[in-house]
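Data first, discussion second: the structure below is written as structure tokens.
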Amino acid sequence: MRRHDSRSNGSRSPRRLPRYECEEIPCIHIVIDPPRKRFAVFIEYEDGDYIHVSAEKVLEAARRIEELLRKRWREASSEEVDEIAERYLEASRVE
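Numbering (this note's numbering), first residue to last: 37 to 131.
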């Protein structure tokens, strides 16, 4: 998904909606729809692109992170992330 330019909706003035601004990519947004009491989780990565992630997957990841932290593991530094991605995900950095 990609962010729409809100100015391009013609003369209609949209209802006041909460803004989900991303100061530093990537961002995790929990977007709520109060009238219907529902929500969705999105990761914003580059140029306003989004990917939906189920709340169940987010909660499972949070449980695994808590377990690793309890066992005194540490999060990889920004310098170590590429090495881990290459070794375990067979992925390389995209420039």
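Note that CB positions come from ideal geometry on N, CA and C, so glycine has one too.
When rounded, the separation of the alpha-carbon atoms in Glu115 and Ile64 is 22 Å. In the DSSP assignment, Tyr86 falls within the unbroken beta strand (DSSP E) covering 86–89. Scanning Arg100, Glu82, Phe75 for the CA closest to the CA of Val89 turns up Phe75. Taking C-beta atoms as the reference points, Ser128 and Glu122 count as a pair closer than 8 Å.
By DSSP's assignment, Cys63 forms a beta bridge with Glu80. Residue pairing of Asp69 in beta bridges, as defined by DSSP: Arg74.
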